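**Student:** UniProt numbering puts the first residue of the sequence shown at 1, with every later residue one more than the last. Where is the CB? At the ideal position from N, CA and C, for every residue including glycine. Predicted, not measured: the structure shown is a model, and the values here were computed from it.
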Amino acid sequence: MKTFHCNRCQQLVFFENVLCERCNALLGYLPDVGEISAFEPADEPTETAETGETVETAKATDKRWRSLHPEAQAQRYRQCHNYAVENVCNWMIPADSPDTLCRACQFTETIPDLTVPENRFYWYKMEVAKRRLLYTLMKLGLPLESRQENPETGLKFAFLASKEDSAPVMTGHNHGRITLNIAEADDAAREKARTELREPYRTLLGHFRHESGHYFFDRLIAGKPMWEAAFRERFGDDRASYADALKTYYDNGPPADWAQHYISAYATMHPWEDWAETWAHYLHMVDALDTAVSYGLALLPDHPQEPELTDQTPVEEASFNNLMSRWFPLTYVLNSLNRSLGQPDGYPFTLASPVIDKLRFVHRVIAASAQKPG
Numbered sequence: 001m002k003t004f005h006c007n008r009c010q011q012l013v014f015f016e017n018v019l020c021e022r023c024n025a026l027l028g029y030l031p032d033v034g035e036i037s038a039f040e041p042a043d044e045p046t047e048t049a050e051t052g053e054t055v056e057t058a059k060a061t062d063k064r065w066r067s068l069h070p071e072a073q074a075q076r077y078r079q080c081h082n083y084a085v086e087n088v089c090n091w092m093i094p095a096d097s098p099d100t101l102c103r104a105c106q107f108t109e110t111i112p113d114l115t116v117p118e119n120r121f122y123w124y125k126m127e128v129a130k131r132r133l134l135y136t137l138m139k140l141g142l143p144l145e146s147r148q149e150n151p152e153t154g155l156k157f158a159f160l161a162s163k164e165d166s167a168p169v170m171t172g173h174n175h176g177r178i179t180l181n182i183a184e185a186d187d188a189a190r191e192k193a194r195t196e197l198r199e200p201y202r203t204l205l206g207h208f209r210h211e212s213g214h215y216f217f218d219r220l221i222a223g224k225p226m227w228e229a230a231f232r233e234r235f236g237d238d239r240a241s242y243a244d245a246l247k248t249y250y251d252n253g254p255p256a257d258w259a260q261h262y263i264s265a266y267a268t269m270h271p272w273e274d275w276a277e278t279w280a281h282y283l284h285m286v287d288a289l290d291t292a293v294s295y296g297l298a299l300l301p302d303h304p305q306e307p308e309l310t311d312q313t314p315v316e317e318a319s320f321n322n323l324m325s326r327w328f329p330l331t332y333v334l335n336s337l338n339r340s341l342g343q344p345d346g347y348p349f350t351l352a353s354p355v356i357d358k359l360r361f362v363h364r365v366i367a368a369s370a371q372k373p374g
């Protein structure tokens, strides 16, 4: 994730911010520009005929805002409905658009029951993670359509809660619909699940990245003989029974030598899961490297045997070898910093050669599918 700054006062701001903490300017993300912008009101107040007092000219969702970003100063915007009313978004919509929901919120098909008090906060956290996923997918130029844009193959999300009188909600992907159990937005519940399943890493954003891998397998690989053949060489035959593989995995666990061939134990379950885990890991890498580049992070250790990091190539322009040459030094310092703070490793993974080859394949698929701007 790149860094952003308030266009009014130059304060560092972040992807989720709605107000500048220094000057209180309204902030919003402009997907057409790929930037967080500061805004000032663009509506002119009117006077009532009876009293001459100024009144609001529109509802919150109709209020016009003038962008202060140099790439969008001539344009007017409105807040997404979920920004102005629900307070779970911070994306903006062009003022002349007929839409009430921003591009990101159009991907959400189902939200949790908001009569349950904690669900609003969980919904907010779901939307934050989803927007981070969409940012990365857009940055990589992947073909990204909502069901509104493409009713047949568009992507949609359902955020659901399990109920006592029905089957539990299972996080997963089915024909373009990604379902997430909102319990994953409960930090305590998610950490409990991570511990019980003996996972080294379990995050809400990671779930979004993983499930998006299933979606893009269907979009980019399935039914394309060249890609299918290359996929099966690396990940195995995706035509194998998923139900049988699932049962075998939960009955017997992963092979003892799984780390020599897979990114995670769960990746051993079925080729689809191996792909989704590897896909998620690739997104994890490029987003972290994007952040490092945005901050101008460089590593110049005193000891000659320690890895350096000076390359600042944008991730969307980098070769796979370039990404990997920067990734290893970054993970070394990330883990060292975490340990200095008394925290577990931020990157608890080991990349064996077969895993790197799978990551290279993900890079190839994305590069071949990327839609270049303009």
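Please classify residue 357 as buried or exposed, where buried requires at least 16 other C-beta atoms within 10 Å of its C-beta.
**Tutor:** Counting Cβ neighbours within 10 Å, residue 357 comes out exposed, since fewer than 16 surround it.
**Student:** Checking contacts by CB at 8 Å: is residue 209 closer than that to chain C?
**Tutor:** Note that chain C does not occur in the displayed structure, where there is just one protein chain.
**Student:** Any idea which residues DSSP pairs residue 79 with across the strands?
**Tutor:** Its beta-bridge partners are 92.
**Student:** Quick one: using the 10 Å Cβ neighbour count with 16 as the cut-off for buried, is residue 281 buried or exposed?
**Tutor:** Under this definition residue 281 is a buried residue.
**Student:** Out of 222, 127, 94, which one is the CA nearest neighbour of residue 109?
**Tutor:** Nearest option by C-alpha distance: 127.
**Student:** Is it right to say residue 40 is buried, meaning 16 or more other beta carbons lie within 10 angstroms of its own, or is it exposed?
**Tutor:** By the 10 Å Cβ count, residue 40 comes out exposed.
**Student:** Once DSSP output is grouped into helix, strand and coil, what is the label at residue 173?
**Tutor:** In this structure, residue 173 counts as strand in the three-state DSSP scheme.
**Student:** In the DSSP assignment, the alpha helix (DSSP H) including residue 258 goes from what residue to what residue?
**Tutor:** From DSSP, residue 258 is part of no alpha helix (DSSP H); its letter is neither H nor E.
**Student:** Assuming residue 77 contacts residue 28 (C-beta within less than 8 Å), just tell me the rounded distance between them.
**Tutor:** About 7 Å separates the two Cβ atoms, so the contact holds.
**Student:** Can you name, in chain order, every residue of its own chain whose Cβ lies under 7 Å from the Cβ of residue 328, other than the five neighbours on each side?
**Tutor:** The answer, listed in chain order, is 307.
**Student:** Classify residue 82: buried if its beta carbon has 16 or more other beta carbons within 10 angstroms, exposed otherwise.
**Tutor:** Residue 82 should be labelled buried.
**Student:** Going by DSSP in three states, residue 97 sits in which element: helix, strand or coil?
**Tutor:** If DSSP states are grouped into helix, strand and coil, residue 97 belongs with coil.
**Student:** Does the stretch 254 to 274 touch the stretch 324 to 343, meaning 3 or more C-beta pairs lie closer than 8 Å?
**Tutor:** Segments in contact, no.
**Student:** Expressed to the nearest angstrom, what Euclidean distance is found between the alpha-carbon atoms of residue 5 and residue 269?
**Tutor:** Each residue's Cα considered, the two are about 43 Å apart.
**Student:** Would you identify the three-state DSSP class for residue 29, choosing helix, strand or coil?
**Tutor:** Residue state, collapsed to three classes: strand.
**Student:** Residue 365 to residue 63, Cα distance in whole Å?
**Tutor:** Using only the alpha carbons, I get a separation of about 42 Å.
**Student:** Measuring CA to CA, which of 360, 349, 291, 301 is closest to residue 132?
**Tutor:** Cα-wise, what sits closest to residue 132 is 291.
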